[in-house]
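S.K.:
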Amino acid sequence: MHCRFWTHLVMAYAFTFWTCYILKREYQIVATMRLHFLASERRRPDQFTVLVRNVPPDPDESVSELVEHFFLVNHPDHYLTQQVVYNAKKLSSLVSKKKKRQNWLDYYELKYSRNQSTRPSKKTGFLGLCGNRVDAIDFYTDEIKRLSEEIELEKHKVMKNSKYTMPAAFVSFRTRWGAAVCAQTQQSRNPTVWLTEWAPEPRDVYWDNMAIPYVSLTIRKLIIAVAFFFLTFFFMIPIAFVQSLANIEGIEKAAPFLKSFIEMQFIKSFIQGFLPGIALKIFLIFLPAILMIMSKFEGFISTSALERRAATRYYIFQFINVFLGSIITGTAFQQLDKFIHQSANEIPKTIGVSIPMKATFFITYIMVDGWAGCAGEILRLKPLIFYHLKNFFLVKTEKDREEAMDPGTFGFNTGEPQIQLYFLLGLVYAVVTPFLLPYIIVFFGLAYVVYRHQIINVYNQEYESAAAFWPDVHGRIIFALVISQLLLMGLLSTKEAANSTPLLITLPILTISFHLYCKGRYEPAFVKHPLQVSLDVATGVQFLYFFSDCQSKSNTQKSNAFRDTLCFELAFFILFLVMVSKFRHSFTKFELILFPLLLVLETSGSNDEGHIGACKRAKLQFERVPSECIYPSGV
Numbered sequence: 001m002h003c004r005f006w007t008h009l010v011m012a013y014a015f016t017f018w019t020c021y022i023l024k025r026e027y028q029i030v031a032t033m034r035l036h037f038l039a040s041e042r043r044r045p046d047q048f049t050v051l052v053r054n055v056p057p058d059p060d061e062s063v064s065e066l067v068e069h070f071f072l073v074n075h076p077d078h079y080l081t082q083q084v085v086y087n088a089k090k091l092s093s094l095v096s097k098k099k100k101r102q103n104w105l106d107y108y109e110l111k112y113s114r115n116q117s118t119r120p121s122k123k124t125g126f127l128g129l130c131g132n133r134v135d136a137i138d139f140y141t142d143e144i145k146r147l148s149e150e151i152e153l154e155k156h157k158v159m160k161n162s163k164y165t166m167p168a169a170f171v172s173f174r175t176r177w178g179a180a181v182c183a184q185t186q187q188s189r190n191p192t193v194w195l196t197e198w199a200p201e202p203r204d205v206y207w208d209n210m211a212i213p214y215v216s217l218t219i220r221k222l223i224i225a226v227a228f229f230f231l232t233f234f235f236m237i238p239i240a241f242v243q244s245l246a247n248i249e250g251i252e253k254a255a256p257f258l259k260s261f262i263e264m265q266f267i268k269s270f271i272q273g274f275l276p277g278i279a280l281k282i283f284l285i286f287l288p289a290i291l292m293i294m295s296k297f298e299g300f301i302s303t304s305a306l307e308r309r310a311a312t313r314y315y316i317f318q319f320i321n322v323f324l325g326s327i328i329t330g331t332a333f334q335q336l337d338k339f340i341h342q343s344a345n346e347i348p349k350t351i352g353v354s355i356p357m358k359a360t361f362f363i364t365y366i367m368v369d370g371w372a373g374c375a376g377e378i379l380r381l382k383p384l385i386f387y388h389l390k391n392f393f394l395v396k397t398e399k400d401r402e403e404a405m406d407p408g409t410f411g412f413n414t415g416e417p418q419i420q421l422y423f424l425l426g427l428v429y430a431v432v433t434p435f436l437l438p439y440i441i442v443f444f445g446l447a448y449v450v451y452r453h454q455i456i457n458v459y460n461q462e463y464e465s466a467a468a469f470w471p472d473v474h475g476r477i478i479f480a481l482v483i484s485q486l487l488l489m490g491l492l493s494t495k496e497a498a499n500s501t502p503l504l505i506t507l508p509i510l511t512i513s514f515h516l517y518c519k520g521r522y523e524p525a526f527v528k529h530p531l532q533v534s535l536d537v538a539t540g541v542q543f544l545y546f547f548s549d550c551q552s553k554s555n556t557q558k559s560n561a562f563r564d565t566l567c568f569e570l571a572f573f574i575l576f577l578v579m580v581s582k583f584r585h586s587f588t589k590f591e592l593i594l595f596p597l598l599l600v601l602e603t604s605g606s607n608d609e610g611h612i613g614a615c616k617r618a619k620l621q622f623e624r625v626p627s628e629c630i631y632p633s634g635v
């Protein structure tokens, strides 16, 4: 091997070890922060609630009675209540219609309050363009009354008819420890029934998928896997068809009557210069929506899970159609056909040889897509234009204006994999063409400043997943690191540096071993909830968190009770110190530890709210699930 190739080999090891070191440190920090967040955060419903699915049918009991009896028998000390899931899609549509009618009623009442000389009217036909003209306020008042009656009837129908009851329920427990035990253990001898998992946060629940039978989820995932394969490798077919229209001769052959129109210089320049790029951009705009629809079809029950799956597929799609598609000419299907008909040893060589030649293209891509994308994120031209269009055509009330001004949420399903594509480019070109790294660094500097500002000050937080995205982020960076190592092996094998292959083979093995280590060491914190943390919370070890929570409440009676209790404790503690100073030779070490605890327990009952002491009430207040931490009913 030529001596100049040793530099690339050494730098490959250096980048690999540095990347793994940073990933391990970040994984440890994020896992620790997640556990601390789950342990110290103020009480939420999902901390006490478990989602039970695939409840077995019973001819003698309803699903609600069956769930309650099952958990009263198997979790008698910790079970609190349950809420069965109902298939209430029709009820949801009625509620949505009522909200729209109420919004129109508010609009016409506001209009009438500004000009009371004439009452507003409307036509009852299609889009208000035809039909009988009636008083608008009376019409929408009657509509709201009718819909309210239908909603009540539908509620009664859903609650009483067993066909609307799904074999699933949200089960709430008195303690976090009880919920953690139930969510992470097998409930029945039959592993296919009474399936339990942590309930998503109420804001995170995707209610439309709660009505999907659990047994159909595997079939749905298989269908979507096949559909995603064809979407990825045949994506260029419709684009190629549209781009073929950019061929002037093809258009003239297909539509001869347009020949005189196409030969115009402006039209000809537009077709040849802009139409292919516009076609590609339109298809890419619809791609995230298509991937999200595919994730919803799979049956995930939380928005965060939907976005994580869509992000994974978006990253795979970009890796094949943007990264590999840019390096190797031809469509993704042509690449696949080429790879199938050549030796596996030749694939890294084929791609590795093309990597240095495409460095200029990717530099341009980083500046156009990355740098300009950060500028576009700050300007937010599309939301601004949409806001003015909605404000001009659709806004009727203040509620409409608030909805039009809603900035939405940060699209993790597209933004996160898009950023990780630049990680892939940086790792691939770090050793091969280091000249590309400054452009990557500038992008990440801009992205850090821009997206940090947008997430903190602009976007709304739709849900809280407690860093559930991190294992996927870690896995994709590891994937990018392994790809960079394999492509470097393919490149050096074409440069009369075959002796370096044994040394480079070690890198993917070490990287994958490191990934497996992190997966076993840190990933369980993102999948399961440690019983130690739940037990610490339930036993009152983190009692000070309740104290801070109690101070923030507006209920002065609870605050006064807690303050009185502290005064009692302080007084008895001073008395205890005096007794120790006077009779210190009469106490054993065990008594010196036990006596203050007995004082606290005994004095806590001397409160004006009854025999249960404030300390005991405080412990129960922190330990047990409050009434507001119970999931709402229905789907």
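Under the UniProt record's numbering, the first residue of the sequence shown carries the number 1, and numbering increases by one thereafter.
Yeah, the Cβ is synthetic: ideal placement off N, Cα and C, and Gly gets one too.
1. Quick one: what's got a C-beta closer than 7 Å to isoleucine 440's C-beta in the same chain, skipping five residues either side?
2. Using alpha carbons as the reference points, say which of Val84, Leu324, Ser513, Arg309 lies closest to leucine 487.
3. Assuming glutamine 420 and isoleucine 477 are in contact, meaning their beta carbons sit under 8 Å apart, how far apart are those beta carbons, in whole angstroms?
4. Is the stretch 217-231 close to the stretch 96-105, with three or more CB pairs under 8 Å?
5. Taking the continuous alpha helix (DSSP H) assigned at methionine 489, which residues delimit it?
6. Classify valine 95 as buried or exposed, calling it buried when 16 or more other Cβ atoms lie within 10 Å of its own Cβ.
7. Between which two residues does the beta strand (DSSP E) carrying arginine 176 extend?
8. Considering only their Cβ atoms, is the gap separating phenylalanine 443 from glycine 376 smaller than 7 Å?
9. Rounding to the nearest angstrom, what Cα-Cα distance links glutamine 418 and threonine 364 in this structure?
10. Given that a residue counts as buried once 16 or more other Cβ atoms are within 10 Å of its Cβ, and exposed if not, what is leucine 379?
11. Grab me the residues of phenylalanine 362's own chain with a C-beta within less than 6 Å of its C-beta, minus the 5 sequence neighbours each way, in chain order.
12. Taking DSSP as the reference, what is the three-state secondary structure of threonine 141?
13. Could you name the residues of the same chain whose beta carbon sits closer than 6 Å to that of threonine 232, not counting the 5 residues immediately before and after it, in chain order?
14. Can you name the residues that DSSP bridges to alanine 168?
15. In terms of residue numbering, what span does the alpha helix (DSSP H) encompassing leucine 436 cover?
16. Out of Phe126, Tyr86, Asp138, Leu147, which has the shortest C-alpha to C-alpha gap to tyrosine 100?
17. Might you give, ordered along the chain, the residues of its own chain that have their beta carbon closer than 6 Å to the beta carbon of methionine 11, omitting 5 neighbours on each side?
18. Using 10 angstroms around the beta-carbon of serine 191, count the other beta-carbons present and answer buried if the total reaches 16, otherwise exposed.
19. Tyrosine 206 and phenylalanine 300 look like a contact to me (Cβ under 8 Å); what is the Cβ gap, rounded to whole Å?
20. Tell me whether the stretch 511-525 and the stretch 14-34 touch, counting them as touching only if at least three CB pairs, one residue from each stretch, are closer than 8 Å.
21. Just checking my contact of valine 52 with alanine 168 at CB under 8 Å: how many whole Å lie between their CB atoms?
22. Which value, in whole angstroms, describes the spacing of the CA atoms of tyrosine 315 and leucine 129?
23. For phenylalanine 173, which three-state DSSP category applies?
24. CB tyrosine 13 to CB aspartate 204, shorter than 7 Å?
25. With distances taken from CA atoms, which of Phe412, Thr312, Pro45, Tyr112 is nearest alanine 199?
26. Can you find the residues in the same chain that come closer than 7 Å, C-beta to C-beta, to glutamate 307, ignoring five residues on each side of it along the sequence?
27. Which residue comes first and which comes last in the alpha helix (DSSP H) that contains glutamate 416?
28. Tyrosine 107 lies in the alpha helix (DSSP H); which residues open and close that run?
29. Between glycine 125 and asparagine 132, what straight-line distance do the alpha-carbon atoms span, to the nearest angstrom?
30. In chain order, what residues of the same chain lie with their CB nearer than 8 Å to the CB of lysine 160, ignoring the 5 residues before and after it?
31. Taking only the alpha-carbon atoms, compute the straight-line gap between valine 67 and proline 383 and give it to the nearest angstrom.
32. Which stretch, first to last residue, makes up the alpha helix (DSSP H) that contains valine 84?
M.R.: Taking the definition as stated:
1. In the sequence shown, counting from the first residue as 1, residue 440 sits at position 440. Ile366, Tyr422, Leu425, Gly426.
2. Taking the sequence shown and counting its residues from 1, one reaches residue 487 at position 487. Here the closest residue by C-alpha is Leu324.
3. As a first step, residue 420 is located in the sequence shown; it is residue number 420 there, counting from the start. As a first step, residue 477 is located in the sequence shown; it is residue number 477 there, counting from the start. Their Cβ separation, rounded to whole angstroms, is 7 Å, which keeps glutamine 420 and isoleucine 477 in contact under 8 Å.
4. no
5. Counting from one through the sequence shown, the residue named residue 489 turns up at place 489. Its alpha helix (DSSP H) spans residues 470-493.
6. The sequence position of residue 95 within the sequence shown is 95, counting from 1. By the neighbour-count rule (16 or more Cβ atoms within 10 Å), valine 95 is not buried but exposed.
7. As a working note, residue 176 is residue 176 in the sequence shown. Looking at the DSSP string, arginine 176 is not in any beta strand (DSSP E); the run it does join, the alpha helix (DSSP H), is 176-183.
8. Taking the sequence shown and counting its residues from 1, one reaches residue 376 at position 376. Taking the sequence shown and counting its residues from 1, one reaches residue 443 at position 443. Going by C-beta atoms, glycine 376 is not nearer than 7 Å to phenylalanine 443.
9. On the sequence shown, residue 418 is found 418 positions in, with the first residue counted as 1. On the sequence shown, residue 364 is found 364 positions in, with the first residue counted as 1. Cα to Cα, glutamine 418 sits roughly 16 Å from threonine 364.
10. Numbered from its first residue, the sequence shown carries residue 379 at position 379. So leucine 379 ends up on the exposed side.
11. Stepping through the sequence shown from its first residue, residue 362 is reached at position 362. Counting only Cβ-Cβ distances below 6 Å, and skipping sequence neighbours, we find Leu425.
12. By one-based count along the sequence shown, residue 141 stands at place 141. Helix at threonine 141.
13. Here residue 232 is taken as the residue at index 232 of the sequence shown, counted from 1. The answer, listed in chain order, is Phe317, Ile320.
14. Within the sequence shown, residue 168 is the residue found at index 168, counting from 1. Looking at the DSSP assignment, alanine 168 forms a beta bridge with Arg53.
15. Your numbering for residue 436 matches position 436 in the sequence shown. Where leucine 436 is concerned, there is no enclosing alpha helix (DSSP H), given that its DSSP letter is neither H nor E.
16. In the sequence shown, the residue the question calls residue 100 occupies position 100. The residue asked about is misnamed: residue 100 is lysine in this sequence, not tyrosine. Nearest option by C-alpha distance: Leu147.
17. Translated into positions along the sequence shown, residue 11 becomes position 11. Once the five neighbours on either side are set aside, the close Cβ partners of methionine 11 are Val431.
18. What you label residue 191 is simply residue 191 of the sequence shown in a count that begins at 1. Inspection of the sequence shows that residue 191 is occupied by proline rather than by serine. So proline 191 counts as exposed.
19. Here residue 206 is taken as the residue at index 206 of the sequence shown, counted from 1. Here residue 300 is taken as the residue at index 300 of the sequence shown, counted from 1. With 8 Å as the limit, tyrosine 206 and phenylalanine 300 qualify as a contact, their Cβ atoms being about 7 Å apart.
20. yes
21. As a first step, residue 52 is located in the sequence shown; it is residue number 52 there, counting from the start. As a first step, residue 168 is located in the sequence shown; it is residue number 168 there, counting from the start. Contact flag correct, Cβ pair sits at about 6 Å.
22. The residue you call residue 315 lines up with position 315 of the sequence shown. The residue you call residue 129 lines up with position 129 of the sequence shown. Cα-Cα distance, rounded: 47 Å.
23. In the sequence shown, the residue the question calls residue 173 occupies position 173. Residue state, collapsed to three classes: strand.
24. Against the sequence shown, residue 13 aligns to sequence position 13. Against the sequence shown, residue 204 aligns to sequence position 204. No.
25. The residue labelled residue 199 in the question sits at position 199 within the sequence shown. Comparing Cα-Cα distances from alanine 199 to each of Phe412, Thr312, Pro45, Tyr112, the minimum goes to Pro45.
26. Residue numbering aside, residue 307 sits at position 307 when the sequence shown is read from its first letter. The beta carbon of glutamate 307 lies closer than 7 Å to those of Phe412, Asn413 in the same chain, with the five residues before and after it left out.
27. Locating residue 416 in the sequence shown gives position 416, counting from the first residue. Where glutamate 416 is concerned, the enclosing alpha helix (DSSP H) stretches over 412-432.
28. Sequence index remark: in the sequence shown, residue 107 carries index 107 (1-based). Note, tyrosine 107: alpha helix (DSSP H), 89-114.
29. Numbered from 1 along the sequence shown, position 125 holds the residue referred to as residue 125. Numbered from 1 along the sequence shown, position 132 holds the residue referred to as residue 132. One C-alpha to the other measures close to 7 Å.
30. Residue 160 sits at position 160 when you count from the first residue of the sequence shown. Cβ within range, chain order: n/a, list empty.
31. Counted from its first residue, the sequence shown places residue 67 at position 67. Counted from its first residue, the sequence shown places residue 383 at position 383. Roughly 46 Å separates the two Cα atoms.
32. Mapped onto the sequence shown, residue 84 falls at position 84. Careful: valine 84 lies outside any alpha helix (DSSP H), inside the beta strand (DSSP E) at 79-86.
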